Amino acid sequence: MFQKQPTTQWLSMQCRLIDATAKGAVFVGEPDGSAYTLLASWPEGYAGSPAMTEMVKTAVTRRQTLFSAANNGDTDTREILAAPLLHEGKIQGVVALDVPRSTNEERGALAQMLHVGSAWLGQLDSMAASPRGERIAVALDLAGACLSSESFAAAATTVATELAARLNCDRVSFGVVHDRHVKLLALSHNAGFSQRQQLGRQLEAAMDEALEQEITVLYPTAPGRDARTYVAHAELARWQQTNSICTVPLHYRDSLLGALTFERSAERPPFDVEAVSLLEQTAALLGPILELRRCQDRGLATVMNDTARVALKRLFGPRHLVTKLVSASVVLLLTLLTIIPGQYQVTADAVLEGRIERVVAAPQKGFLQSVSARPGDVVAKGETLASLDDRDLKLEQLKWSAKQDQVTQEYRRALAEHDRINIGVQSAQLAQAESQLALIEKQLSRIQLLAPFDGVVVSGDLSQALGSPVELGQVMFKLAPLDDYRVIIKVDELDIADVREKQRARLTLTATPDKALDIIIEKITPVSTADARANYFRVEAKLDNPPIYLRPGMQGVAKIDIESRQLLWIWTHSLLNWVRLKLWSLLP
């Protein structure tokens, strides 16, 4: 079926059309057989890879074109394309290419190009002996003109010029579909034409005439073809003194890309049925190739426009039921979110504090003797929290008690002797001893640290500090009442503008996630505080009916009710505000 030399030429042309680094191989065998051997490769001596061999087997099994990673250490930049070569419904071979990784749109163009090219390859042997076969084989070389062009427009002009020279035409025109009409892009032997000229308008009208009916238009009509009248072609022939005109549409999948218009003067033979067939086959080969070059040469605006067109076609055109259902669901959901109102709430972290916190400090210097309360313990008023060591004070008390007895005896002796001077001295020393004893007794009465009211110990874990020294005024414990709390809400600075006093809110504590407590905003601190995540404002709230299980230090989440707004705004306003801020900071 396939011969090595023409197959190698065809493969080299395909690889050069795709990329300068593309490599490929053609495997052939018995029709619908199970074993296929290497017939041709590009570059010369390339024998494929294990991954390519596996792809060939998979493509034969599935009878379809496949893409997969190359698995050659460059998986991010290369991939393998394997396409069966079909003839009369049977697999005659497989072409496999190692090409740069491409987009889905470029993959479709590659698959279409191989499909058309393989059809030509299957006919080369049967037509090689005929003159018509030589002309068809020459048409394959026209694709190479795209390789030396820097842009899509230059490639179109080169192809038009080559077609005019090889197909014996006076002029070949190429137009592309733009906004449902054909726009003239290239003329053979003319790279600087103007579309405003009369010739350009007439050629575009002729191409539009062919694309409206999606058929090849031949003027004058050859015997055996449709004898309908083509006004635009007749007008073009009359003004340009053209003897024969043939316009062939260019297709890619189910889309019309544009058209090729071939013109011959009276000095050349008119187009016959065989020539029209050649032109149609040439257009079928060039269509995917030109589309691939167009996709590679598009700018950002064109890419966005084409993407939008494809999306709209999938949405409003035939088929693609899943896309339509998903799009309709999204539109319905957005509509409902725009219409249905919801309660806008500001969510922030919260912590529970006692409204009053009393500090229990050390009344004097000493050493810690015992501790009977720890943070979290509930204590009653007058209950002992801790006690200090009283041994030094008792020794001091004994010292001043003995001193008092001694001074008392001296005072009595001075009274008996009527020694006024000594009476005054001893009287002063006696008063000093009595004062010291009173001070020591007062200190002994404060050895025990007592709870000032019923409450819970918030802080002050001294159980590991027994025997340590204590300084006068040192904070030992913090107590908070059990029935009077306040909620501290850390509201983010992005949301503080919506928070007002007297607004109602709900508090859910981490310890009781199934219960929500009603709270009321009481005070908003007008100074922000910075932490590791963001800046926040301290907002105070009170509990309506505090339950008995509350303890200071409990944390949770508070939701402040603001007002009723649309659900879509509630879910997107944070993102929109962030975008506005970024745009304001970036724009001049």
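Residues in the sequence shown are numbered from 10 upward in steps of one, following this note's numbering. Using N, Cα and C, we set each Cβ at its ideal position, and we do this for glycine too. Owing to the predicted nature of the structure, the values given are computational and were not obtained by experimental measurement.
- Note that the C-beta distance between S286 and R273 is not below 8 Å.
- An exposed status is given to Q206, since fewer than 16 other beta-carbon atoms sit within 10 Å of its beta-carbon.
- DSSP assignment within the stretch 27-103 yields the following whole beta strand (DSSP E) runs of 3 residues or more, N-terminal first: 32-37, 46-51, 75-78, 87-96.
- Around the beta carbon of D527, fewer than 16 other beta carbons lie within 10 angstroms, which makes this residue exposed.
- Restricting attention to S444, P297, G209, L301, the CA atom closest to the CA of L196 is found in G209.
- Just so you know, the alpha carbons of L516 and A543 end up roughly 21 Å apart.
- About 12 Å separates the CB atoms of S396 and Q373; that is not less than 8 Å, and the two are not in contact.
- Taking 8 Å as the cut-off, the Cβ atoms of I89 and A60 count as close.
- With a threshold of 16 other beta carbon atoms within 10 Å, R302 meets it and is buried.
- The beta carbons of V181 and A169 sit closer together than 8 Å.
- In the displayed model, Y558 falls within coil according to three-state DSSP, outside both helix and strand.
- Across the structure, R383 and L453 are spaced so that their CA atoms are roughly 23 Å apart.
- When the beta-carbon positions are compared, E366 and A550 stay at least 8 Å from each other.
- A contact is defined here as three or more CB-CB pairs under 8 Å, and the stretch 431-447 fails this definition with respect to the stretch 458-476.
- For H187, the closest alpha carbon among the candidates T167, A165, E213, C178 is that of E213.
- About 6 Å separates the beta carbons of P561 and E362, which is inside the 8 Å limit, making them a contact pair.
- Here DSSP, grouped into helix, strand and coil, assigns Y239 to coil.
- For the options L448, A118, V466, V496, the alpha carbon positioned closest to that of R364 is the one of V496.
- The beta carbons of V191 and M216 sit closer together than 8 Å.
- Taking the C-beta atoms as reference points, A460 is found no nearer than 8 Å to G375.
- In this structure, P258 sits away from A118, with a CB-CB distance that is not shorter than 8 Å.
- In the structure shown, the three-state DSSP call for F280 is coil.
- One alpha carbon belongs to T225, the other to L269, and they sit about 10 Å apart.
- Secondary structure of I298 (DSSP, three-state): helix.
- Of the residues T519, V465, E289, G565, the one whose Cα lies closest to the Cα of L394 is V465.
- Looking at K99, I100, A423, T16, the one whose alpha-carbon comes closest to that of E53 is T16.
- Across the set L343, K322, V548, D428, the C-alpha of L343 shows the shortest separation from the C-alpha of I579.
- DSSP places V508 outside both helix and strand once states are collapsed to three, so it counts as coil.
- In the structure shown, T417 adopts helical secondary structure according to DSSP, grouped into three states.
- The three-state reading of DSSP puts H198 in coil, since its state is none of H, G, I, E or B.
- In this structure, the CA atom of R116 is about 43 Å from the CA atom of I348.
- Cα atoms of A29 and L503: separation of roughly 55 Å, rounded to the nearest angstrom.
- Under the DSSP assignment, D315 falls in the alpha helix (DSSP H) whose first and last residues are 309-325.
- Contact check for C24 against A31 passes: the beta carbons are separated by less than 8 Å.
- By DSSP's assignment, V339 forms no beta bridge with any residue.
- Looking at the DSSP output, F271 bridges to V181, C255.
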